[in-house]
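The structure under discussion appears below in the form of structure tokens.
In the working numbering, the protein residues as written are 8 to 343.
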């Protein structure tokens with residue numbers, strides 16, 4: 008049963024939002040409300056797992072909604088904030104999983120100008136952003152071979168796609184070059200985390216290099232990772248490539264004292280109102296464990312409008328010493 012105070016709370020929240028927007032307009036700043044909802048139905052089976060028919064959400068883009076604002080402070084200086092929250096569209100539950108923080112996608116305050124921008128709070132990691140940019144399936148945790156082999160429960164890189172208690176800096180664009188620094192402060196017995204990235208983006212070519220060292224996910228030891236990525240758009244197609252090296256040392260986990268090499272190749276081909284997409288990624292683990300995992304995905308993403316698309320995806324999954332997996336799904340995604 009809903010609380011009798013809910014209508015009053017809703018009216019109060021609406022009033023606060025209305026006042027905030029009115030103030031923003033009066034002061035020459037703006038507040039945006041935006042997000043993505045994505046749903047798919049299909050047959051899913053990871054390597055070594057059981058097959059299931061599912062209506063799932065967040066397959067091509069993890070569902071989220073957000074609030075973003077910016078205020079012009081004069082002299083080229085501005086203040087900004089970002090608050091972004093994940094949700095599960097198939098059940099209506101908050102977060103990516105039970106216990107996920109409410110604003111776990113982003114929760115930060117920034118100050119910027121011609122010299123770049125500083126952000127404080129929960130900030131997305133350069134490694135995740137580079138992995139997303141340099142593969143044709145973007146940030147798809149369900150279908151992107153690069154994301155599957157790098158992050159999620161099937162991936163080799165520790166730590167989330169964003170860090171808590173972080174101080175970030177991004178340079179301005181200098182003739183196509185941008186740099187990013189991210190530092191997760193040590194607020195407990197473990198830490199700090201640190202990352203740095205350099206990227207060049209031209210008309211057809213983009214190249215990026217990123218490295219990070221993390222302690223926070225572990226009770227002991229650490230993990231270092233670096234990745235280079237690139238893309239080239241030559242008109243008839245856009246090609247992508249990535250290579251990662253990951254080293255995990257002294258951690259109290261099954262992956263302790265292992266080394267990983269992760270490669271990805273992909274292509275996106277314009278076709279009608281959409282794109283044909285294909286990607287292959289292989290992760291090889293050596294040291295204390297010897298595991299090889301390969302994902303391959305082909306699909307078609309069709310634009311119904313600027314904000315809505317439908318897609319069909321087929322993914323294969325092979326892993327050492329277990330049965331192979333395969334997934335087929337049809338979905339729709341809408342940005343607002």
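In this text, a Cβ means the ideal position worked out from N, Cα and C, and glycines have one as well. Model, not experiment: these values are computed from the prediction.
Using the DSSP secondary-structure output, state which residues sit across from residue 208 in a beta bridge. Against the chain shown, residue 208 aligns to sequence position 201. DSSP lists 213 as partners of residue 208.
Tell me whether the region 291-298 and the region 259-266 touch, counting them as touching only if at least three CB pairs, one residue from each stretch, are closer than 8 Å. As far as the Cβ criterion goes, the region 291-298 touches the region 259-266, which means the pair count is three or higher.
Out of 189, 93 and 167, point me to the one whose CA is closest to residue 217's CA. Looking up residue 217 in the chain shown gives position 210. The shortest C-alpha to C-alpha distance from residue 217 to any of 189, 93 and 167 is the one to 189.
In chain order, which continuous runs of the alpha helix (DSSP H) of length 4 or greater are located wholly inside the region 124-204? Fully enclosed alpha helix (DSSP H) runs of 4 or longer: 133-140 and 152-157.
Counting C-beta neighbours from all protein chains within 10 Å, is the total for residue 121 16 or more, i.e. buried, or is it exposed? For the purposes of this step, residue 121 is identified with residue 114 of the chain shown, where counting begins at 1. Of the residues assessed, residue 121 falls on the exposed side of the cut-off, its CB having fewer than 16 other CB atoms within 10 angstroms.
Close Cβ partners of residue 114 (< 7 Å) along its chain, the five nearest in sequence each way excluded: Stepping through the chain shown from its first residue, residue 114 is reached at position 107. So the qualifying residues of the chain are 90, 128 and 129.
So who's on the other strand from residue 277, going by DSSP bridges? Residue numbering aside, residue 277 sits at position 270 when the chain shown is read from its first letter. Under DSSP, residue 277 takes part in a beta bridge, and its partners are 282.
Selected residue, minimal CA-CA separation from residue 250, among 104, 163 and 79: If you number the chain shown from 1, residue 250 lands on position 243. For residue 250, the nearest C-alpha among the options comes from 163.
Under the rule that 16 or more other beta-carbon atoms within 10 Å means buried, what is residue 180, buried or exposed? Working through the chain shown from its first residue, we reach residue 180 at position 173. Exposed: under 16 other Cβ atoms inside 10 Å.
What is the rounded straight-line gap between the Cα of residue 159 and the Cα of residue 165? Here the question's residue 159 lines up with position 152 in the chain shown. Here the question's residue 165 lines up with position 158 in the chain shown. The alpha-carbon atoms of residue 159 and residue 165 are separated by roughly 9 Å.
Should the region 143-159 be called in touch with the region 301-310, which here means at least 3 C-beta pairs below 8 Å? Yes: the two stretches touch, three or more of their Cβ pairs being nearer than 8 Å.
DSSP-derived helix/strand/coil call for residue 67: Looking up residue 67 in the chain shown gives position 60. Three-state result, residue 67: coil.
Using beta-carbon positions only, say whether residue 71 and residue 63 come within less than 9 Å of one another. Within the chain shown, residue 71 is the residue found at index 64, counting from 1. Within the chain shown, residue 63 is the residue found at index 56, counting from 1. Against a cut-off of 9 Å, the Cβ pair of residue 63 and residue 71 comes out as no contact.
Out of 335, 315, 332 and 326, point me to the one whose CA is closest to residue 43's CA. Position 36 of the chain shown holds residue 43. Answer by Cα proximity: 315.
Between 290, 340, 324 and 320, which lies nearest to residue 313 when the distance is taken from Cα to Cα? Numbered from 1 along the chain shown, position 306 holds the residue referred to as residue 313. Considering only alpha carbons, the answer is 340.
Tell me the residue span of the beta strand (DSSP E) that contains residue 249. Position 242 of the chain shown, counted from the start, is the residue given in the question as residue 249. Residue 249: member of the beta strand (DSSP E) spanning 245-256, first to last residue.
In whole angstroms, what separates the C-alpha of residue 326 from that of residue 60? Here residue 326 corresponds to residue number 319 of the chain shown, with the count starting at 1. Here residue 60 corresponds to residue number 53 of the chain shown, with the count starting at 1. Cα to Cα, the separation comes out at about 21 Å.
Is the Cβ-Cβ distance between residue 338 and residue 322 less than 9 Å? On the chain shown, residue 338 is found 331 positions in, with the first residue counted as 1. On the chain shown, residue 322 is found 315 positions in, with the first residue counted as 1. No, the Cβ-Cβ distance between residue 338 and residue 322 is not below 9 Å.
For residue 20, count neighbouring Cβ atoms within 10 angstroms of its own Cβ and tell me buried if that reaches 16, exposed if not. Your numbering for residue 20 matches position 13 in the chain shown. For residue 20, the pLDDT reaches just 37, beneath the cut-off of 50, and the residue's location in the model is therefore unreliable, leaving the point undetermined.
Test item: CB-CB of residue 7 and residue 270 under 9 Å: With the chain covering only 8 through 343, there is no way to say anything about residue 7.
Residue 211 to residue 284 span [Cα, whole Å]: On the chain shown, position 204 is the one that residue 211 refers to. On the chain shown, position 277 is the one that residue 284 refers to. Their Cα atoms are separated by approximately 18 Å.
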